[in-house]
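If you're matching positions, the sequence shown starts at 1 in full-length UniProt numbering and goes up one per residue.
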Amino acid sequence: MTKASDSDASTVGARSPYHRIRSSTRVNSQGIPLMPARGAHVLPGDSDHYDDEASSETLIQARPRGQHGPTHALHHMDVDSEDTSFIQGKRRTRGSSRTRSVPATSRPSPAPTSIIRPLLECALFVTAWMVVLGRLLRSTPDVRDKAFEMLVVGMVLLVCFFLHLQHACTIWVTRVTYLRKADPSDPLYVFLLPLVACAQLLDVAPTTQPPGPLAPPRMGLGMKGAWRVERLPEQTDPVQGRSTLLDLHVLCALILGIHICVSSCVRAYCKRRAHHWKSLPPGKSFLIFHAFALILSSVCMSVQIVCRATGHAHWLLASMPTWMTFTTALLFQNQLYMVTRVARQNCTLGELSIICAVGTALFHEAVIVTMARLVPPYAKYFFREPSAIMYCQLALIVGMFLIGYVLSPLLVLSRNLAQRPTHRLRWPLKRNLHRRLLALAFFVFSLALVLGVLAPWLGWQLRKRSAWFYLARFMLQGPYWWFRFALLAYWGALCNIALLSIQLMVNRMWQYATVGDQVKKQPRYRPNSGSGTSNASGVASGISSVGSSAIGGSGAGAGSSHGRISQMSMHGRTALTATERASTLAATQFSERGEQEESTSLGPRVAVSVNGRRKFFHALAVLLFVPGIAWDPAFMHLAFSGALAVFVLCEYLRYCAVYPVGATLHFFLSQFLDSKDSGLVILSHGYLLSGCAAGLWVESQSRITQQLGVLALGVGDAVASIVGRQYGRIHWPLSNKTVEGTFGFVASMITSVTFLRIFGLVEAFRMVPFTVVMVLLAMVEGLSEQNDNIVLPLSGIFLTSMIPLGSS
Numbered sequence: 001m002t003k004a005s006d007s008d009a010s011t012v013g014a015r016s017p018y019h020r021i022r023s024s025t026r027v028n029s030q031g032i033p034l035m036p037a038r039g040a041h042v043l044p045g046d047s048d049h050y051d052d053e054a055s056s057e058t059l060i061q062a063r064p065r066g067q068h069g070p071t072h073a074l075h076h077m078d079v080d081s082e083d084t085s086f087i088q089g090k091r092r093t094r095g096s097s098r099t100r101s102v103p104a105t106s107r108p109s110p111a112p113t114s115i116i117r118p119l120l121e122c123a124l125f126v127t128a129w130m131v132v133l134g135r136l137l138r139s140t141p142d143v144r145d146k147a148f149e150m151l152v153v154g155m156v157l158l159v160c161f162f163l164h165l166q167h168a169c170t171i172w173v174t175r176v177t178y179l180r181k182a183d184p185s186d187p188l189y190v191f192l193l194p195l196v197a198c199a200q201l202l203d204v205a206p207t208t209q210p211p212g213p214l215a216p217p218r219m220g221l222g223m224k225g226a227w228r229v230e231r232l233p234e235q236t237d238p239v240q241g242r243s244t245l246l247d248l249h250v251l252c253a254l255i256l257g258i259h260i261c262v263s264s265c266v267r268a269y270c271k272r273r274a275h276h277w278k279s280l281p282p283g284k285s286f287l288i289f290h291a292f293a294l295i296l297s298s299v300c301m302s303v304q305i306v307c308r309a310t311g312h313a314h315w316l317l318a319s320m321p322t323w324m325t326f327t328t329a330l331l332f333q334n335q336l337y338m339v340t341r342v343a344r345q346n347c348t349l350g351e352l353s354i355i356c357a358v359g360t361a362l363f364h365e366a367v368i369v370t371m372a373r374l375v376p377p378y379a380k381y382f383f384r385e386p387s388a389i390m391y392c393q394l395a396l397i398v399g400m401f402l403i404g405y406v407l408s409p410l411l412v413l414s415r416n417l418a419q420r421p422t423h424r425l426r427w428p429l430k431r432n433l434h435r436r437l438l439a440l441a442f443f444v445f446s447l448a449l450v451l452g453v454l455a456p457w458l459g460w461q462l463r464k465r466s467a468w469f470y471l472a473r474f475m476l477q478g479p480y481w482w483f484r485f486a487l488l489a490y491w492g493a494l495c496n497i498a499l500l501s502i503q504l505m506v507n508r509m510w511q512y513a514t515v516g517d518q519v520k521k522q523p524r525y526r527p528n529s530g531s532g533t534s535n536a537s538g539v540a541s542g543i544s545s546v547g548s549s550a551i552g553g554s555g556a557g558a559g560s561s562h563g564r565i566s567q568m569s570m571h572g573r574t575a576l577t578a579t580e581r582a583s584t585l586a587a588t589q590f591s592e593r594g595e596q597e598e599s600t601s602l603g604p605r606v607a608v609s610v611n612g613r614r615k616f617f618h619a620l621a622v623l624l625f626v627p628g629i630a631w632d633p634a635f636m637h638l639a640f641s642g643a644l645a646v647f648v649l650c651e652y653l654r655y656c657a658v659y660p661v662g663a664t665l666h667f668f669l670s671q672f673l674d675s676k677d678s679g680l681v682i683l684s685h686g687y688l689l690s691g692c693a694a695g696l697w698v699e700s701q702s703r704i705t706q707q708l709g710v711l712a713l714g715v716g717d718a719v720a721s722i723v724g725r726q727y728g729r730i731h732w733p734l735s736n737k738t739v740e741g742t743f744g745f746v747a748s749m750i751t752s753v754t755f756l757r758i759f760g761l762v763e764a765f766r767m768v769p770f771t772v773v774m775v776l777l778a779m780v781e782g783l784s785e786q787n788d789n790i791v792l793p794l795s796g797i798f799l800t801s802m803i804p805l806g807s808s
């Protein structure tokens, strides 16, 4: 790629006062400038937080003005402050310490950022906060004490929200550009999990008669209307257990709020002292972050000890053991650090909080159930009912993350080996051998952990029964002995149809690929008649640097995928394997990927947009999951857990380019990426699965709540997207989403749930409160810039608990 002149950069930069682009803007073969596709919202005062790592940036094509529709603040791009600076009317070019003045007419004039949308979101959260506080104060004394915790965390997060309105905030020793974007409402969604946990507690409180929709369902074999799974005999206390869960989520939210406030204060201090806020070396950053995490965890534990010593234990974290306070705080902060470094630019502050808090809760649930087998009184801290599917879920999900932690050295070596160019290796001719050995070691040790650790632990929790025989018997415990096998066959048939449809698209993409709005023919590699070798220029770097394409690494591999002679051609090899072809095309597409929301041409007659491909899977989720949730929720609970474990394993293989499937997985998954998948890790499919399973994983007894995640994502969100794109004219403030799409969401959700009620798949409900719930949920969908796949299901669970839907 060539570089444009400064005048080119100025022309593109003049599109909007919010855009800051490189003075050395790259252009494509048609001379059209390319810009980094990191959709970070540039907030006032954020000029010192731009990332200097261009390796993780993808490129989107800058189109002429007028082809983007209305310009919104959410489209503003954030780039490297080292390249271009408009501060004090001077521009600093890359590699030079000199500055030159820029005429006042060429400088972007500051324009006020509209805060209507963030304030509307804030109003929704404050209303929910007030409703929860009111219900807590009217409950029993043990539950009423939680009102103080909710009051404190709400005030802290409101402070973070107003700090975030002034400048983009982040966590301790972490740059803003490590997050996907900076949206003013990000800190509000840190409050979402405490609200859901509070709703779960209120629905099992003794004053709630009958129990609310989030009360645990009946479990047992041969019981009409119960989940068909064995409930284990531990003596639990639902109020105590859910109080502990609420304390955990409140503690996580408080810690993140403290990180935001401390980070903002330090940055403001550095600005007053005229210090430059710059990134630290990785080793120093690791030490400073974890030293702060250790200090903050110790402070949290000390405050709890002091409160209990002075007789005020009921005010703060009263239901959580002291050791659990320390480990929760430390583990949560450790996950914050890992996610922001490994999954860079994948999460907002709200999504980061949800991911890390859920991971912390699952880990502590696994620890508590293990301790309860040794010390039975610990059973009172169970977050959910002690059933076989809960233990299986912990073994699958927590076990898969445990495999990642334990085998991380092998994964890191595989990633580095795939990422490094061949000519920089010590033994370049043994590269593929080393990759095969690392992959073999990973699979062997993973199998050893499953057979030697996870399966025995699960059998011990199931009262010393074989985990494998128990799962085989569980398959026969459905409504009919054949029902669960038939459901598996039904899923297999639908998935095969879907994969055949995708295969058609993939086969056409071998011939046609899209860069922005252009359709260019893929080069075909043919033997050289003169030398008899393969003329596979560029294939080597696509193969030798699969990591660069599959994990979004440095430009050493991805940026040179057209410029080196193939190592295969040097050895007289004339044919490319399927894996090599996939890695080559993946590298090419990742390095030259066009704007995600544009259509991808599959040939002269077939054109499927990214949005259309994604919504296809949303519709597929409805067909796959609705029947199973309606007739056998226990089996669906376990199936969702197994599928998520498989997704995590596939992401290990893709991210670290594990031979032989890493590049192929990357090529397949990259066809469904949008602007919210601009980071190194692909999370959308995991978000979609988790959102569909949320109603079951919280173990709600309401069948509407169980189905709500699937319907909100598979029907409501899809219809809102289609209606908004086709007929939308009125946009929500600073958003791509339209009011027409919001009305489509409400209408489609009411229609689909009514349809399920006609066939007896959900319980009876009153139309007026249900419509209110759908309108509020549609407002969250229209206003939020978080990932809908996790925000909508959690918001729906909370709303169905706060607004009774029963027919009586």
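Don't be surprised by glycine CBs; every beta carbon is placed ideally from N, CA and C.
Cβ separation of residue i and residue j, assumed to be a contact under 8 Å, to the nearest whole Å
i           : j           : result
residue 438 : residue 410 : 6 Å
residue 744 : residue 720 : 5 Å
residue 261 : residue 160 : 7 Å
residue 136 : residue 126 : Wrong, their Cβ atoms sit about 16 Å apart, outside the cutoff.
residue 242 : residue 201 : 4 Å
residue 691 : residue 792 : 7 Å
Beta-carbon contacts of residue i that lie in its chain and below 7 Å, excluding the five residues immediately before and after
i           : result
residue 398 : 362, 363, 366
residue 787 : 351, 676, 687
residue 714 : 618, 619, 621, 622
Proximity of residue i and residue j at Cβ, strictly below 8 Å
i           : j           : result
residue 647 : residue 686 : yes
residue 679 : residue 344 : yes
residue 780 : residue 795 : yes
residue 704 : residue 800 : yes
residue 623 : residue 357 : no
residue 250 : residue 153 : yes
residue 354 : residue 790 : yes
residue 184 : residue 163 : no
residue 149 : residue 330 : no
residue 760 : residue 635 : no
residue 218 : residue 225 : yes
residue 839 : residue 372 : Residue 839 lies beyond the stretch modelled for the chain, which goes from 1 to 808, so this question has no answer here.
residue 216 : residue 706 : no
residue 729 : residue 738 : yes
Rounded straight-line distance, which links the Cα of residue j to that of residue i
i           : j           : result
residue 651 : residue 684 : 11 Å
residue 203 : residue 803 : 12 Å
residue 214 : residue 195 : 13 Å
residue 600 : residue 633 : Caution is warranted here: a pLDDT of 38 is assigned to residue 600, below 50, making its placement in the model unreliable, and the coordinate value is therefore given only provisionally. In a straight line, the C-alpha of residue 600 is about 38 Å away from that of residue 633.
residue 798 : residue 783 : 17 Å
residue 393 : residue 637 : 8 Å
residue 806 : residue 757 : 13 Å
residue 712 : residue 645 : 23 Å
Same chain only: Cβ atoms within 8 Å of residue i, ignoring 5 sequence neighbours per side
i           : result
residue 191 : 125, 129, 153, 154, 157, 253
residue 326 : 297, 298, 300, 301
residue 469 : none
residue 234 : 372, 376, 379, 382, 386
Pick from the options that is closest to residue i, judged by C-alpha positions
i           : options            : result
residue 346 : 147, 212, 198, 178 : 178
residue 494 : 141, 220, 627, 729 : 627
residue 415 : 758, 470, 655      : 655
residue 630 : 762, 662, 753, 384 : 762
residue 498 : 618, 450, 403, 176 : 618
residue 222 : 472, 405, 481      : 481
Same chain only: Cβ atoms within 6 Å of residue i, ignoring 5 sequence neighbours per side
i           : result
residue 727 : 740
residue 518 : Note on residue 518: pLDDT 40, under 50, position unreliable in the model; the coordinate value appears next. Result list for residue 518: empty, nothing under 6 Å.
residue 475 : 484
residue 487 : 628
residue 642 : 396
residue 382 : 236, 241
residue 232 : 386
Min CB distance residue i to chain C below 8 Å
i           : result
residue 210 : Included in the structure is just one protein chain, with no chain C present.
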